[in-house]
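A short worksheet on the structure shown next.
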């Protein structure tokens, strides 16, 4: 029997890679399933698309990656995930159909093939302000599902929007229980739990004698940083309970209400650091912005204070201050949605009553108006007769004056709106052209009203001036937006040049980097090698972010200085690098930074040290300036003072790759070198071998990870 496919089964099919090394070599010998390719792959397992020919249905098959087939701890975790999924019987949890092994001994389990979109995808495409009710309904389903798991003694530990699937018919399912943990009942061991009274409440049981948290050692961090509770981000595995999931639910609700999760940052490293500290100032500020100064719903956001209060309750840094489990959160959300529905029904009844009263009043007014109209018509007829007899005194001049007055009044209103929209458009940030169409439409409306009304040359001239003004200002705004886009692309290109050199497997090629910088500036239209340096600096100073361009000229000057060095003398073969320093100085008038720039090419350690010990100036400098001074000190062999300057820069920009990488190379303490190398490797994943840690004289470096 083959059932007719519905829209869900045909429209939201997940993409499948036809060939995968994780598929069994000889399917069918140990499983009756057929395999068609790979859907996705994670750190521990891969998801294959399969089919059960006996039941005629497509399934998803999760298999342990081949590289882990000898890891007994991961095999236990994998089997435990299948056992948990198989025992959690709830519509919001993906059902597990079968657990088995491939011919090579690798375990697998089959489950329902989900078709739909993740909550993360839906949040990315949402229309803020009009769909809150829909996402609250999804969130309520997630809370109820997690509440069921909590009632069975299971915590998820990785709740996030990408682990929530929403089907075409509104069904909501919580996925990926690979990090789930079975909570130990007080006073019981796994062996004792398996002998529990069959008439008592059902609990999840796992078929292994080690405790459920044996695979998660104290101090290890598991989960997704943006949704982690502080205790989970600190690796306090033994202390995790249902309240870590409650925090993750609060972070999901925060993303629904504000557009972002509880923690945000420039890198996973910085986000995890905020999570470990429980730094929720940004999240609470975003939530507070949803309310007015009196704590009521803001007229723009329309978010109820009750939702903001619940979100902050779930995000409490101390677990003791959060709801006990997801059941309490689900109850609060359900009560809120029921209250909203009740208020909507009352409002609908009130509107219906008001409409009925208005219709009755309208009927009475119509009847009274009809009576007055009859009286007025009779009087008008008599008055008209008198006017006709009198010869008519309303002249054509009076009629034209009335039409002219009406035209001027309507056109003036339209011109006022055009000036208002013009002011808003001009006040918008450079690059934001969204408000200009309203100014243009209002000016055109003024012209249309004038054309349809009584002609008046002075008024027509005013309208023409307004239309031309709006057109000129719009063109200028578009030009500035194009210039801003061009500047941003140029800065991205300069960043890529610097980053690509780091990523080249053969190592840093100074001459190639020098040539790439020269090509980029030349194609941008400002060539410091050909123009007078002062003129080049003046042209670059007119761009949207001149100080950033000055810093790139500093980088380029240092690279060219090193590229031109004579191996015998250690001095550059020519002074072309000085043109770049001069151009940077023309952009940036700061005397302290310009003094640092001049020291880059001379041996004056005392002068460099004086600059490095001027705390008043150091406090005012950005991280890039401090990095430049540190490079000068490194070049003049004062690594101790360079380390102090770099650490000051790191406090300003802890997520800056170049600052972390320099500290990883010159820090005097091994633990500091390891810490900064780890941070640099996290900021450049896949290139951690570029950060050797010196263990001592004559010892080889090691990978910080």
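Residue numbers (our numbering): 839 to 1543. C-beta atoms are modelled at their ideal positions from N, C-alpha and C, and glycine is treated no differently. For clarity, every value in this text was computed on a predicted model and none was experimentally measured.
Check, Outcome
"For the structure I just gave you, are there three or more beta carbon pairs, one from the segment 1168-1183 and one from the segment 1095-1108, closer than 8 Å?", "no"
"To the nearest angstrom, report how far apart residue 1007 and residue 992 are at their CA atoms.", "28 Å"
"Helix, strand or coil for residue 1373, going by three-state DSSP, please let me know.", "helix"
"Quick test of the definition: if touching needs 3 or more C-beta pairs under 8 Å, does the segment 1107-1115 touch the segment 1181-1188?", "no"
"Please name the residue in 922, 1379, 975, 1070 whose C-alpha comes closest to that of residue 949.", "922"
"Here's a check: name, in chain order, each residue in its chain whose Cβ is nearer than 6 Å to the Cβ of residue 984, leaving out the five neighbours to either side.", "1083, 1164"
"Is it true that the CB of residue 970 sits closer than 8 Å to the CB of residue 1004?", "no"
"Quick one: using the 10 Å Cβ neighbour count with 16 as the cut-off for buried, is residue 1068 buried or exposed?", "buried"
"Note down, in chain order, each residue of its chain lying with its Cβ closer than 6 Å to the Cβ of residue 942, except the 5 sequence neighbours on either side.", "none"
"For the putative contact between residue 1090 and residue 1201, defined by C-beta atoms under 8 Å, what is the C-beta separation to the nearest angstrom?", "Not quite, the Cβ-Cβ distance comes to about 52 Å (not below 8 Å), so this is no contact."
"Starting from residue 886, trace the beta strand (DSSP E) in both directions and tell me its first and last residue.", "883-890"
"So, is residue 1118 buried or exposed, given that buried needs 16 or more other C-beta atoms within 10 angstroms?", "buried"
"Quick one: Cα of residue 1243 to Cα of residue 1284, how far?", "15 Å"
"CB-CB under 7 Å to residue 1026, same chain, minus the five flanking residues each way: which ones, in chain order?", "Any answer about residue 1026 is weak, because its pLDDT of 42 lies below 50 and its placement is not dependable; what the coordinates show is given next. There are no such residues."
"Mind checking who residue 936 pairs with in its DSSP beta bridge?", "948"
"Let me confirm a value: residue 1052 is counted as buried when at least 16 other C-beta atoms fall within 10 Å, else exposed. Which label applies?", "Because the pLDDT of residue 1052 is 38, which lies under 50, any placement of that residue in the model is unreliable, and the number read from its coordinates should be weighed accordingly. Answer is exposed; the Cβ neighbour count stays below 16."
"Check the C-beta distance from residue 903 over to residue 884 and give it rounded, since I have them as a contact under 8 Å.", "6 Å"
"If you run the structure through DSSP and keep just helix, strand and coil, what is residue 1410?", "strand"
"In its own chain, which residues sit with a C-beta less than 7 Å from the C-beta of residue 1517, not counting the 5 before and 5 after it?", "1107, 1498"
"Report the rounded CA-to-CA distance for residue 1012 versus residue 951, giving the unit in angstroms.", "13 Å"
"Going straight from the alpha carbon of residue 932 to that of residue 901, what length do you get?", "16 Å"
"Can you grab the Cα-Cα spacing for the pair residue 1246 / residue 1237, in whole Å?", "14 Å"
"Buried or exposed: residue 1346, going by 16 or more other Cβ atoms within 10 Å of its Cβ?", "exposed"
"For residue 902, which three-state DSSP category applies?", "strand"
"Would you mind sorting residue 1351 into buried or exposed? The rule is 16 or more other CB atoms within 10 Å of its CB.", "buried"
"Starting from residue 995, follow its DSSP beta bridges and name the residues at the other end.", "None; residue 995 has no bridge partner."
"Are the segment 1282-1300 and the segment 1315-1322 touching, with three or more C-beta to C-beta distances below 8 Å?", "no"
"In this structure, how does DSSP classify residue 1035 when only helix, strand and coil are distinguished?", "Low per-residue confidence applies at residue 1035: pLDDT is 39, beneath 50, and the placement is therefore not dependable, though the value from the model is reported in the following sentence. Looking at residue 1035 - three-state DSSP - the assignment turns out to be coil, as it is neither helix nor strand."
"Identify the continuous beta strand (DSSP E) that holds residue 1061 and give its terminal residues.", "Looking at the DSSP string, residue 1061 is not in any beta strand (DSSP E), and its letter there is neither H nor E."
"Helix, strand or coil for residue 931, going by three-state DSSP, please let me know.", "strand"
"Residue 980 by DSSP, collapsed to three states: which one?", "helix"
"What residues in its chain sit with their C-beta under 6 Å from that of residue 959, if we drop five residues either side in the sequence?", "none"
"Pair every Cβ in the segment 1328-1340 with every Cβ in the segment 1271-1284, then say whether three or more of these pairs are closer than 8 Å.", "no"
"For residue 1523, which residues of its own chain have a beta-carbon under 6 Å away from its beta-carbon, when the five flanking residues on both sides are left out?", "none"
"Counting only the same chain and skipping the five closest in sequence on each side, list residues whose C-beta sits under 7 Å from that of residue 1230.", "Here residue 1230 scores only 46 on pLDDT, less than 50, and its place in the model should not be relied on; the value that follows carries that caveat. Excluding residues within five positions, none has a Cβ falling inside 7 Å."
"Tell me the residue span of the alpha helix (DSSP H) that contains residue 1454.", "1453-1458"
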